[in-house]
Amino acid sequence: MALFRAQAVVHPLTRWCLCLAMVTAAGACRSEGKPESPRAEAPRAPAEAAAPEEPADLHGTGGVEGVDAAYDQSRQPARFIAALGIGPGQRIADVGAGQGYFTQRLADAVGPTGRVVATDINDEAIRRLRVRVLARRNVEVRKVEPDAPGLEAGAYDLILLSEVDHFFSDRVDYLTRLRAALTPQGRIAVTHLRAMRPPLVAAAQAAGYTVVAEVNDLPDHYLLFLRPSARP
Numbered sequence: 001m002a003l004f005r006a007q008a009v010v011h012p013l014t015r016w017c018l019c020l021a022m023v024t025a026a027g028a029c030r031s032e033g034k035p036e037s038p039r040a041e042a043p044r045a046p047a048e049a050a051a052p053e054e055p056a057d058l059h060g061t062g063g064v065e066g067v068d069a070a071y072d073q074s075r076q077p078a079r080f081i082a083a084l085g086i087g088p089g090q091r092i093a094d095v096g097a098g099q100g101y102f103t104q105r106l107a108d109a110v111g112p113t114g115r116v117v118a119t120d121i122n123d124e125a126i127r128r129l130r131v132r133v134l135a136r137r138n139v140e141v142r143k144v145e146p147d148a149p150g151l152e153a154g155a156y157d158l159i160l161l162s163e164v165d166h167f168f169s170d171r172v173d174y175l176t177r178l179r180a181a182l183t184p185q186g187r188i189a190v191t192h193l194r195a196m197r198p199p200l201v202a203a204a205q206a207a208g209y210t211v212v213a214e215v216n217d218l219p220d221h222y223l224l225f226l227r228p229s230a231r232p
């Protein structure tokens with residue numbers, strides 16, 4: 001789930017279209033003159049190696065707070081953490097944390113007596129996140145498998161899914177697996193772009209959850225809270 005933000009550069013498709021337009025125009029100009037004699041094609045240079053993945057690409061635009069001002073404005077990290085309603089001493093799971101866009105703020109919110117477990121499936125994201133939180137004794141970083149949350153049973157007051165649920169191969173199955181990790185009063189907080197809300201809510205209901213609260217004043221994202229439905 002290591003994961004995903006676009007950088008403020010010209011999109012490759014835009015560059016491709018511009019290049020195509022220039023080539024087409026040049027060809028049209030040549031066709032008005034005399035035909036050119038055939039020329040041997042120059043040997044092509046070997047393809048350039050793919051550029052190394054930039055830090056912001058590992059969890060979307062602005063994978064690290066402060067890298068992308070527009071993304072920070074959209075996510076409103078301080079308001080978002082306040083809306084979670086977490087406090088000192090609580091145990092939080094940041095699932096699909098990437099480089100930890102929210103991880104350090106979560107750690108600040110729960111304080112030295114609390115704990116944040118940040119998980120991801122991407123080796124490079126895990127490496128970078130471990131470097132970032134090295135001095136924080138209340139953060140643990142875990143590499144997990146794509147379809148296994150890797151969280152111990154009955155331990156978490158809040159499980160955060162931030163812009164990750166669309167990567168689950170089966171939302172219903174993954175949410176079902178998360179249930180066991182919650183404390184009796186534990187909640188799952190899910191946030192994503194608003195267009196992603198319907199499939200998440202449908203999966204949550206199928207997995208036996210109820211939407212117990214929702215925050216609608218964030219610029220581009222929804223934030224809702226799930227609890228396991230009461231069993232008959």
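Be aware that the sequence shown starts at 1, since it is given in full-length UniProt numbering, and climbs by one per residue.
In this text, a Cβ means the ideal position worked out from N, Cα and C, and glycines have one as well.
Cβ distance (whole Å) where residue i is taken to contact residue j below 8 Å
i: GLN76; j: PRO219; result: 7 Å
i: ALA109; j: LEU151; result: Rounded, the Cβ-Cβ distance is 19 Å, inconsistent with contact.
i: THR183; j: ALA155; result: 7 Å
i: PHE102; j: LEU178; result: About 17 Å; that fails the 8 Å criterion.
i: ASP165; j: HIS192; result: 7 Å
Cutoff 9 Å: residue i Cβ touching any chain C Cβ
i: GLN99; result: You won't find chain C in this structure, because it holds only one protein chain.
Close-in-space but distant-in-sequence residues of the same chain around residue i (CB under 6 Å, 5 per side omitted)
i: TYR222; result: ARG194, ARG197
i: LYS34; result: For LYS34, the predicted structure reports a pLDDT of 47, less than 50, and the residue's modelled location is therefore unreliable. A value from the coordinates is still provided. The answer is none, since no qualifying residue turns up.
i: PRO149; result: ARG177, LEU178
i: GLU36; result: Since pLDDT at GLU36 reaches only 48, below the 50 mark, its modelled position is unreliable, and the value read off the structure follows with that caveat. Nothing listed; no residue qualifies.
Short Cβ contact (9 Å threshold) for residue i with residue j
i: LEU129; j: GLY111; result: no
i: ASP147; j: SER162; result: no
i: ALA206; j: LEU226; result: no
i: GLU65; j: ARG105; result: yes
Same chain only: Cβ atoms within 7 Å of residue i, ignoring 5 sequence neighbours per side
i: ARG91; result: GLY114, ARG115, ALA155, TYR156, ASP157
i: ALA83; result: VAL215, LEU223
i: PRO88; result: VAL110, GLY111, THR113, GLY114
Own chain, CB closer than 8 Å to residue i, minus 5 neighbours either side, in chain order
i: VAL144; result: THR119, ASP120, ILE121, GLY150
In chain order, which alpha helix (DSSP H) runs of at least 4 residues are fully inside the stretch 91–161? Listed in chain order, the complete alpha helix (DSSP H) runs (minimum 4 residues) inside the stretch 91–161 are 103–110, 123–132.
Kindly provide the ranges of any beta strand (DSSP E) runs that are 3 or more residues long and lie completely inside the stretch 173–217, ordered along the chain. 182–193, 209–215
Segment contact flag, the stretch 205–216 with the stretch 175–194, C-beta cutoff 8 Å, min 3 pairs: yes
Would you say the stretch 84–104 touches the stretch 113–121, given that touching needs at least three Cβ pairs under 8 Å? yes
Between the stretch 129–142 and the stretch 105–117, can you find at least three pairs of beta-carbon atoms closer than 8 Å? Flag = yes, the stretch 105–117 and the stretch 129–142 touch.
Threshold first: 3 residues or longer. Then list the beta strand (DSSP E) segments lying entirely within the stretch 58–89, N to C. none
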